[in-house]
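The sequence shown finishes on residue 375 if you use our numbering, and the numbering steps up by one all the way, no holes.
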Amino acid sequence: MTDRPRTVALIVAAGSGSRAGGAIPKQYAKVAGKPLIAHAYAAFVGHPAVDEVLVVIAADAGDLAAAALGPVRTVTGGASRRTSVALGLAAIEADRVLIHDAARPFVPADAIDRVLSALDSHDGAMPVLAVADTLVRDGVVVPRDGLSRVQTPQGFRVEALRAAHRDWPAGEDATDDAQMVRRLGGSIALVQGDIMLDKVTHPEDFAAANARVAWETRSASGFDVHRLEAGEELWLGGVLIPHDKGLSGHSDADVGLHALTDALLGTIAAGDIGTHFPPSDPQWKGADSAQFLQHAAKLIADKGGRIDFVDLTLICEAPKIGPHRAAMQARIAALLGLGEDRVSIKATTTERLGFTGRGEGIAAQAMATVSLPR
2 MTDRPRTVAL IVAAGSGSRA GGAIPKQYAK VAGKPLIAHA YAAFVGHPAV
52 DEVLVVIAAD AGDLAAAALG PVRTVTGGAS RRTSVALGLA AIEADRVLIH
102 DAARPFVPAD AIDRVLSALD SHDGAMPVLA VADTLVRDGV VVPRDGLSRV
152 QTPQGFRVEA LRAAHRDWPA GEDATDDAQM VRRLGGSIAL VQGDIMLDKV
202 THPEDFAAAN ARVAWETRSA SGFDVHRLEA GEELWLGGVL IPHDKGLSGH
252 SDADVGLHAL TDALLGTIAA GDIGTHFPPS DPQWKGADSA QFLQHAAKLI
302 ADKGGRIDFV DLTLICEAPK IGPHRAAMQA RIAALLGLGE DRVSIKATTT
352 ERLGFTGRGE GIAAQAMATV SLPR
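So, in structure tokens, the structure goes:
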């Protein structure tokens, strides 16, 4: 049996991305909570036909790349896209190569499949989409027949692409690699593209890219209890409340924030508050529970998710929650970066039944709803 060809994906990310505006190159700006380049990198790493992924970056972008991708293999690019691709080609050993623009964050697996399949009979392949809009040049309509929008990843037999780069006229630039291979006699297959492959170029393109993300909604609950003791401060919902007793616990024992933290952790199946902040660890003694809540929120953000709504119910006979509800709502909203209309605070009693009815402790139950990219 013949071994399958070795395939390497080259993600070209050495450009400045200036047309998109912003303080950093667009390939490191976020869509759906993750940098553009991280979406593309994950797509190639996760494809069974791709053996390695190499990222071509600008000379001064090492820190940005590391923050976006972690410890991945990179190579420094050049002043032009053509030079960057050539430097990437020189750094790989492969039979086939996929050249992809980092500014195209979403790479469907079947698009990769179509490009690679075409390499069985062609030197290169590129995904294209038919032009649907009417085109005008200097006020004159240009016929759309035979016109297509070219996308990436473009795939090539490595030796064909290396030869095209080697023999390309010095000083002449090229818009893409398929142009180079075709001009020097190579065969290029056109395969069906995908709207998900559209490029992010201008500031308004980020909104369009976010709209293409498929989201799923998740909800989870949290519950916590702490006992009331004399001599303790009473923290509830991130607010210090005057009372003759306070909640006892290893941290500040804010039962409301603890329940909310567990609800948020539940939406991403990340265990509970004790998993992340064990009560046996002395560093959390007397800790502000706000950091627990923000830790859970960061874990969701790291997955590209967003918190849509949280709901907290405090269960106690005393103190009265009503006078402090607005302050709790504002505090939790600030901690989670939400509008106050996305934070619900409620209170109830147990009609003097049970430990809360006897004033021995306070309970809290919470619900959180988040959206996560699929």
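Each residue gets a CB set at the ideal place from its N, CA and C atoms; glycine is no exception.
For the pair L90 and V98, the CB atoms are nearer than the 8 angstroms cut-off.
Under DSSP, the beta-bridge partners assigned to F224 are Q366. Straight across, the Cα-Cα distance linking A15 with D199 is about 19 angstroms. Here I301 has L265, T268, I269, R307, I308, V371, L373 as same chain residues with Cβ atoms under 8 angstroms from its own Cβ, once five neighbours each way along the sequence are excluded. The three-state reading of DSSP puts K27 in helix, counting H, G and I together. One thing to note: V51 has its Cβ no nearer than 8 angstroms to the Cβ of L11. Using a 10 angstroms sphere on the CB of D134, the tally of other CB atoms stays under 16, which defines it as exposed. Judged by DSSP secondary structure, R307 falls within the beta strand (DSSP E) whose first and last residues are 307–316. Beta bridge pairing from DSSP links V54 with A10. A straight line joining the alpha-carbon of S149 with that of L37 spans about 24 angstroms. By a beta-carbon distance limit of 8 angstroms, V116 contacts A126. Their separation comes to about 5 angstroms. Distance check between L315 and each of G275, R332, L237, G338 places L237 closest, using alpha-carbon atoms only. Take the alpha-carbon of T276 and the one of D263: they are about 10 angstroms apart. Relative to the Cα of K321, the nearest Cα in the group I274, I363, D178, R83 belongs to I363. In the structure shown, the three-state DSSP call for P204 is helix. Taken in chain order, the whole alpha helix (DSSP H) runs of length 4 or more contained in the segment 86–171 are 110–119, 159–168.
Pairing R82 with V13 gives a Cβ-Cβ distance under 8 angstroms. By DSSP's assignment, T77 forms a beta bridge with I58.
In this structure, the straight-line span from the alpha carbon of E53 to that of D312 is close to 45 angstroms. Across the set F45, V240, G340, the C-alpha of F45 shows the shortest separation from the C-alpha of D111.
K246 counts as buried, since at least 16 other C-beta atoms from the protein chains shown sit within 10 angstroms of its C-beta. Look at R326 here: in three-state DSSP terms it is helix. Sorting D114, L191, D124, A33 by C-alpha distance to the C-alpha of A131 places L191 at the top. For V192, the enclosing beta strand (DSSP E) covers residues 189–193.
Counting C-beta pairs with one atom in each stretch, the segment 147–161 and the segment 220–236 have fewer than three that are closer than 8 angstroms, which means they do not touch. Burial is judged here by how many other beta carbons sit within 10 angstroms of a residue's own beta carbon; L261 has at least 16 and is buried. A distance below 8 angstroms separates the beta carbons of V108 and A41. Between L229 and G360, the CB-CB gap stays under 8 angstroms. Nearest to A39 by alpha-carbon distance, out of P243, F293, V73, P6, is V73.
Distances from the alpha-carbon of Y29 to those of P106, S85, V129, F293 put P106 closest. Around the beta carbon of T349, a 10 Å sphere encloses fewer than 16 other beta carbons of the protein chains shown; the residue is thus reported as exposed. Two segments are said to touch when three or more pairs of C-beta atoms, one from each, lie closer than 8 angstroms; by this definition the segment 283–290 does not touch the segment 203–215. A residue is called buried when at least 16 other Cβ atoms come within 10 angstroms of its Cβ; S281 does not meet this threshold and is exposed.
A215 and K35 have their C-alpha atoms roughly 14 angstroms apart.
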